[in-house]
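Protein chains in written order, with our numbering: chain D, 1 to 193; chain Z, 1 to 799.
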Amino acid sequence: MHTNRRNFLKLSATAAVATAFGGLGLGCTPKAEAVDRAAAMDPKWSKQTTSICCYCAVGCGLVVNTSLKTKRAVNVEGDPDHPINEGALCAKGASIWQLAENDRRPDSVLYRAPYANKFKKVSLAWALEKIAHNVKKARDENFTHLNSRGQAVNRCDTIASLGSAALDNEECWAYSTMLRSLGLVYVEHQARI
Amino acid sequence: MTNHWIDLKNSDCILIMGSNAAENHPISFKWVTKAQEKGATVIHVDPRFTRTSAKADMYAPIRSGADIAVLGGMIKYILDNDLIFKEYVLEYTNASFIVGDKYAFDNGIFSGYNRETRSYDLSQWAFAMDENGNPKKDPTLQDPRCVYQMLRKHYERYTLDNVEAISGMTRADIVKFYETYAATGKKDKAGTIMYAMGWTQHTVGVQNIRAMAIIQLLLGNIGIPGGGVNALRGEANVQGSTDHGLLYHILPGYLATPLAAHQSLAEYNKAFTPVSNDPMSANWWQNFPKYSASLLKSMWMDDDPAVSFNYLPKLDTAAASVYSWLNLFDKMDKGQFKGLFAWGMNPACSGANTHKTRQALTRLDWLVNVNIFPNETGSFWEGPGMDPSKIKTEVFFLPCSVSIEKEGSVSNSGRWMQWRYQGPDAPHGFKPDGDLMYELMHEIQALYKKEGGVYPEPILRFNLEGWATNGIFDPHKTAKLINGHFTRDVEIGGTVYKKGTQVPSFAMLQADGSTCSGNWLYCNSYTEQGNMAARRSLAQTPEQEKLGLFPNYTWCWPVNRRILYNRASVDPTGKPWNPELPLIQWDAITKKWVGDVPDGGWAPGERHPFIMTRFGFGQLYGPGRADGPLPEYYEPLECPVNSHPFSTTLHNPTAISYADEDKAVCDPRYPFVGTTYRVTEHWQTGLMTRNQEWLVEMEPQMFVEMSEELAALRGITNGEKVIVESVRGSVWAKAMVTKRFKPFDVQGTVIHQVGLPWHYGWTWPKDGGDSANILTPSVGDPNTGIPETKAFMVNVRKA
Ligand code: SF4
């Protein structure tokens, strides 16, 4: 959703409040940089998209401002037009900007070899190829065509999957059907616990 | 939720039990507060005084795990004082059904119990049937075998004395609670329940909720605005992930996973397509064959569903004790699994009995961990007590985009499917999970194509390109496939639907492969009209506005119906029970319902309102559960007593547990009840929130909350480091000594309870502590397999 001028005025009123609260803790940490985020949120320099909070299932609406220059988020706040939260967010939702802009996110795919004592950086293509071989080996060497009663069950009892309620619907569905096509039956996730 | 967040404002009495909504679902309180401002009463029942209690009109403390005593007592109170909503109970519930001769109950055990298998023969609890194959009924409710009389008899034992003795709740609180809540049994009053893991994480989790559902049916509170049975779901898309079958026992759309006994699609369909001989019963699941065929088609587009059914893996049994979480880890610990995907999940902190879970991971050949931050699961091999040089497991850590960096939808607790747009690009070229899935599956397909392999058809013929455009995962295309389209030209009721057009709603799905639909519940979400989940119109009729229904904002399953079972909100002639707050109304002139999307368009009185049940009635008596047709009181598997007043059966006789794992029952080494919970600033295992400075600054480390009395007993001062230990292990925590916990009087003995958040893990922050699940046992509910992490036994001592 791109925001038109009228909406933007409405949004910027809320943004002003959010900025007044200092984005909950900005300034509390010595690392905080003095960036003019209000200026960066001008529609000339940023785009506005709507999203939904990634934490609890109240499903609060968000407005995300992304810098057109860096393609990174400059602000995330409650969507004033969302009928459930009407612009409000709790402490977690109000911190989503820091989830994305976070130097604790690793910068590469990581691989730990058997018995190794550390991870090493690898490419995604290398990892996916190796995972695919692992899947095929575990599946093909142990595939259960028939159960102990001689009934056809066509399943893979040696690979399990856990996750995830943190995925989007389209991903959940894709993952769920993909795992079944591989023959997995040990498929579980957060809803079980 | 049968209802939705905004609808809370329509309630007259909001019971929050098994939840701390103000802290864990904070924005829900916007709507709880709106109800309160209009005069509603808010009741909080919880072991600990929280911010929810502070906002409530009434707070009643209860010992963790004693809920069925209190709720059973409320059922008795409602029946003894004849506070039921009579017309509703008679017309819409199975109160008048006659229970068959084989049903019996004695001393905590129902008929059909097998001591060896620790399970019941459910057929013993069936209804008595008449000559037409329908349940026998007694509309006078006098027959001693009718459900209404059975309820009276079953809950006879749930006296105020007994409830008070075991729950630790005071008699004054119990009576006030019952009086206040039971007052919603009037036509124009609505009571609702907000519960969360405080009810589900018990060995009687399902029966906790069943007990409340019985209360809601007796009071006529289901299907109405401001009512319902509302599970507050804890993850942004745990509703959607469940809808799409990321669980061993269900495929997308709650279609049961096939069993070995089902050797053909016809056999499978027959097993899960219920039959009702009552023309008034919609018996919605009679459509099962349409949904199964459409799902198979969406997965294997080029095959006849009867053929592709063979591609689906089959289970040996549907029992939670065999395939669900706890047993998955038990089998992993015994070496059954070569590989594990931990995709968007941190089981090394979230599963019960953490030490066992982490040990089990060492038995794997390989582990794929997809997540935003490194975590205790992907890094288990270098965790506390691990020697990497002895651990063979190969680990792949794949970083992924965060939610604001990708496009797709999530379904909230109120079943609203809400579209999210991509804002920023992910750093370092990271990709959304969907892209990683697509690329991995593409790689696997290519490998089978190149090398061949065992039973390759399900993989090679899988409709992978149905998710992608130009070799890239496409959330829109996938969402359209989940909705489904016609696979050939089909004529329905005089209208021809061309091949390739989106199916408008699940009523048009077919059993012959002429439609595909990845999930029938989502059929209607992405139609020829477009992406319904992306709608942002706040337009409403005045009636809808009064309720806050917002039918044009996003989309909600099924078919945009905002409140489930809404035909129960009107009398059999179609008039709303509460004319002040009509949810649906029959327009006699247009012969149509107005308001919410009704549970089926039939005219008033043509169908019983509980359309998803076989006979069409709300189930006071529920013969389908693993542990009994009526909720019964049992102690948690770890408990501070060796008897309770309701029977000599101490524990749920069907609970999942492992005989070789000790449990603390009345064990002086572990004298205190323990429970786990969350804080506002952190989320689940804390993986996402512990890595954020702002949130860590607010809640930096593990703590254990205890009463002033317990602190005095153990000589502990507020803020000092203490050790909390159970049969399974120990954790350190900062002592938080408060007035929010008070000792309970249980059968004349003083029982202390303590609570710990389960947000921490050894990876980060440094000195933040470790998972509270180190303390929790591998025991679970027999229906769901959910572990009992809300009531267990611990000791607390100075470090
Ligand atoms: S902002 Fe808070 S209340 Fe709203 S969805 Fe996110 S976590 Fe839940």
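Even glycine gets a Cβ: it sits at the ideal position worked out from N, Cα and C. This structure is a prediction, so every number in the text was calculated from the model and none was measured.
Where does residue i land, buried or exposed, given buried means 16+ other C-beta within 10 angstroms?
i                           : result
lysine 9 of chain Z         : buried
leucine 146 of chain D      : exposed
arginine 5 of chain D       : Low confidence applies here, because arginine 5 of chain D scores a pLDDT of 35, under 50, leaving its location unreliable; read the following figure in that light. Exposed: under 16 other Cβ atoms inside 10 Å.
asparagine 470 of chain Z   : exposed
glycine 385 of chain Z      : exposed
phenylalanine 21 of chain D : Note that phenylalanine 21 of chain D scores a pLDDT of 35, beneath 50, so its modelled location is shaky; the value from the coordinates is reported in the next line. By the neighbour-count rule (16 or more Cβ atoms within 10 Å), phenylalanine 21 of chain D is not buried but exposed.
glycine 548 of chain Z      : buried
isoleucine 472 of chain Z   : exposed
threonine 763 of chain Z    : buried
methionine 17 of chain Z    : buried
lysine 334 of chain Z       : exposed
lysine 356 of chain Z       : buried
methionine 793 of chain Z   : buried
proline 551 of chain Z      : buried
serine 164 of chain D       : buried
glycine 494 of chain Z      : exposed
glutamine 142 of chain Z    : exposed
proline 475 of chain Z      : buried
valine 496 of chain Z       : exposed
At a threshold of 7 Å, does residue i count as lining ligand 1 (C-beta to nearest heavy atom)?
i                        : result
valine 238 of chain Z    : no
glycine 234 of chain Z   : no
isoleucine 27 of chain Z : yes
cysteine 349 of chain Z  : no
leucine 89 of chain D    : yes
lysine 30 of chain Z     : no
lysine 334 of chain Z    : no
lysine 92 of chain D     : yes
asparagine 85 of chain D : yes
glycine 59 of chain D    : yes
tyrosine 55 of chain D   : yes
Report the rounded CA-to-CA distance for residue i versus residue j, giving the unit in angstroms.
i                            : j                        : result
leucine 24 of chain D        : leucine 89 of chain D    : Below a pLDDT of 50, predicted positions are generally treated as unreliable, and leucine 24 of chain D, at 34, falls in that range; the measurement from the model is reported next regardless. Approximately 11 Å, taken between the alpha carbons.
histidine 202 of chain Z     : glycine 65 of chain Z    : 7 Å
glycine 234 of chain Z       : proline 305 of chain Z   : 36 Å
proline 486 of chain Z       : glycine 500 of chain Z   : It is phenylalanine, not proline, that sits at residue 486 of chain Z in the sequence shown. Whole-angstrom Cα-Cα distance: 5 Å.
proline 631 of chain Z       : alanine 60 of chain Z    : 22 Å
lysine 297 of chain Z        : alanine 626 of chain Z   : 33 Å
glutamate 382 of chain Z     : aspartate 767 of chain Z : 16 Å
tyrosine 186 of chain D      : arginine 535 of chain Z  : 36 Å
tyrosine 311 of chain Z      : valine 153 of chain D    : 9 Å
asparagine 346 of chain Z    : serine 19 of chain Z     : 23 Å
asparagine 652 of chain Z    : glutamate 638 of chain Z : 11 Å
aspartate 12 of chain Z      : valine 594 of chain Z    : 24 Å
proline 424 of chain Z       : valine 64 of chain D     : 8 Å
proline 572 of chain Z       : lysine 136 of chain Z    : 21 Å
methionine 150 of chain Z    : leucine 436 of chain Z   : 54 Å
isoleucine 6 of chain Z      : alanine 127 of chain D   : 45 Å
aspartate 140 of chain D     : aspartate 157 of chain D : 11 Å
serine 321 of chain Z        : glycine 785 of chain Z   : 7 Å
asparagine 260 of chain Z    : tyrosine 448 of chain Z  : Sequence check: residue 260 of chain Z is alanine here, not asparagine. Cα-Cα distance, rounded: 26 Å.
phenylalanine 744 of chain Z : lysine 47 of chain D     : 56 Å
proline 787 of chain Z       : glutamate 528 of chain Z : 43 Å
glutamate 164 of chain Z     : tyrosine 88 of chain Z   : 30 Å
alanine 282 of chain Z       : valine 229 of chain Z    : 22 Å
glutamate 606 of chain Z     : glutamate 86 of chain D  : 40 Å
What distance in whole Å lies between the Cβ atoms of residue j and residue i, which are believed to be in contact at a cut-off of 8 Å?
i                         : j                         : result
threonine 836 of chain Z  : tyrosine 120 of chain Z   : Limits of chain Z in this structure are 1 at one end and 799 at the other, which puts residue 836 of chain Z out of reach.
methionine 169 of chain Z : valine 70 of chain Z      : 6 Å
proline 139 of chain Z    : serine 96 of chain Z      : 5 Å
serine 181 of chain D     : isoleucine 482 of chain Z : That belief does not hold up - the Cβ atoms of serine 181 of chain D and isoleucine 482 of chain Z are roughly 16 Å apart, past 8 Å.
methionine 612 of chain Z : tryptophan 284 of chain Z : 5 Å
glycine 339 of chain Z    : isoleucine 159 of chain D : 4 Å
arginine 47 of chain Z    : isoleucine 62 of chain Z  : Strictly speaking, residue 47 of chain Z in this sequence is proline, with arginine absent from that position. Contact holds; Cβ gap of about 6 Å.
Applying a beta-carbon distance threshold of less than 8 Å, which residues of chain B neighbour residue i?
i                      : result
glycine 183 of chain D : Any reference to chain B falls outside this structure, whose protein chains are D and Z.
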